[in-house]
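Student: As numbered in my numbering, residues 585 to 741 make up the sequence shown, in order.
Just so it is clear, CB atoms sit at the ideal spot from N, CA and C, and this is done for glycine as well.
None of these values were measured; they are calculated from a predicted model.
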Amino acid sequence: MIELKNVTTIQKADTKGLEDYSLVVNNGQMCVLDKWEGTLVIRTLLGFQPVEEGYVTFDGMPLSERSAVFLRKMIAYVPSPEGFDNVEDLTQKQVELVEEALHSDADILLAIDPVSHQSEEAAENIMNALRHKAQQGRVVIVAGGRPHPSSPQGEAH
């Protein structure tokens, strides 16, 4: 289980961060967030976005500088692929990153923008595979994915 409770994150310059933000995602659940919100949540969970107020826990263990290294070993992370000259290369890299995460033994799967450059059919297959990973008892958080048609907010929120 992942819990963010009344989290406010530190931001640089004029960039807005999370403010008094709370979210709980239990084992066996998938949460699909919009790209901005989800990216901030994922960066916070990875320890890249400093928490100014509130707290973050993984199965009750608080996230701190000391625990972040250990907790990252429990996480499969799919970053937003960037730096490709053509869409075909970008599309292939997205698939490779998702497949690598799906084949890991990680308890937590975090993905930023995993389907943005995919066809409708490929995106649906990727989202179904991520849902299946959650059904196996994992925590799955997706930023910028396509929510399940039967749920306007995604699977869990």
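In the DSSP output, which residue or residues are listed as bridge partners for Phe-642?
Tutor: Ile-586 and Met-645
Student: From the DSSP output, in three-state form, read off Ser-651 for me.
Tutor: The three-state reading of DSSP puts Ser-651 in helix, counting H, G and I together.
Student: Provide the residue(s) that pair with Val-609 in DSSP beta bridges, ordered along the chain.
Tutor: In the DSSP output, where bridge partners are listed per residue, Val-609 has Ile-586.
Student: Measuring CA to CA, which of Arg-722, Asn-610 and Leu-647 is closest to Leu-686?
Tutor: Comparing Cα-Cα distances from Leu-686 to each of Arg-722, Asn-610 and Leu-647, the minimum goes to Arg-722.
Student: Mind the definition here: the segment 631-650 touches the segment 667-682 only if three or more C-beta pairs lie below 8 angstroms; say whether that holds.
Tutor: Flag = no, the segment 631-650 and the segment 667-682 do not touch.
Student: If you compare alpha carbons, which of Asp-669, Asp-697, Val-671 and Glu-672 is closest to Pro-663?
Tutor: For the residues Asp-669, Asp-697, Val-671 and Glu-672, the minimum Cα distance to Pro-663 belongs to Asp-697.
Student: Since Ala-713 is in the alpha helix (DSSP H), which residue starts that stretch and which ends it?
Tutor: 704-719
Student: Between which two residues does the alpha helix (DSSP H) harbouring Ala-727 extend?
Tutor: That residue, Ala-727, is in no alpha helix (DSSP H); its beta strand (DSSP E) goes 723-727.
Student: State yes or no: is the C-beta of Gly-721 nearer than 7 angstroms to some heavy atom of the ligand GDP?
Tutor: Because no ligand of any kind appears in the structure shown, any question about the ligand GDP cannot be addressed here.
Student: Looking at the strands, I want to know which residues DSSP matches up with Ile-692.
Tutor: Per DSSP, the beta-bridge partners of Ile-692 are Ile-659 and Val-723.
Student: According to the Cβ coordinates, are Ala-727 and Gly-622 closer than 8 angstroms?
Tutor: yes
Student: Is Thr-593 helix, strand or coil by DSSP?
Tutor: strand
Student: Quick check on Ile-586: buried or exposed, where buried means 16 or more other Cβ atoms within 10 Å of its Cβ?
Tutor: buried
Student: Can you tell me whether DSSP reads Leu-629 as helix, strand or coil?
Tutor: Collapsing the DSSP output to three states places Leu-629 in a helix.
Student: Which residue or residues does DSSP assign as beta-bridge partners of Glu-621?
Tutor: Under the DSSP definition of a beta bridge, Glu-621 lacks any partner.
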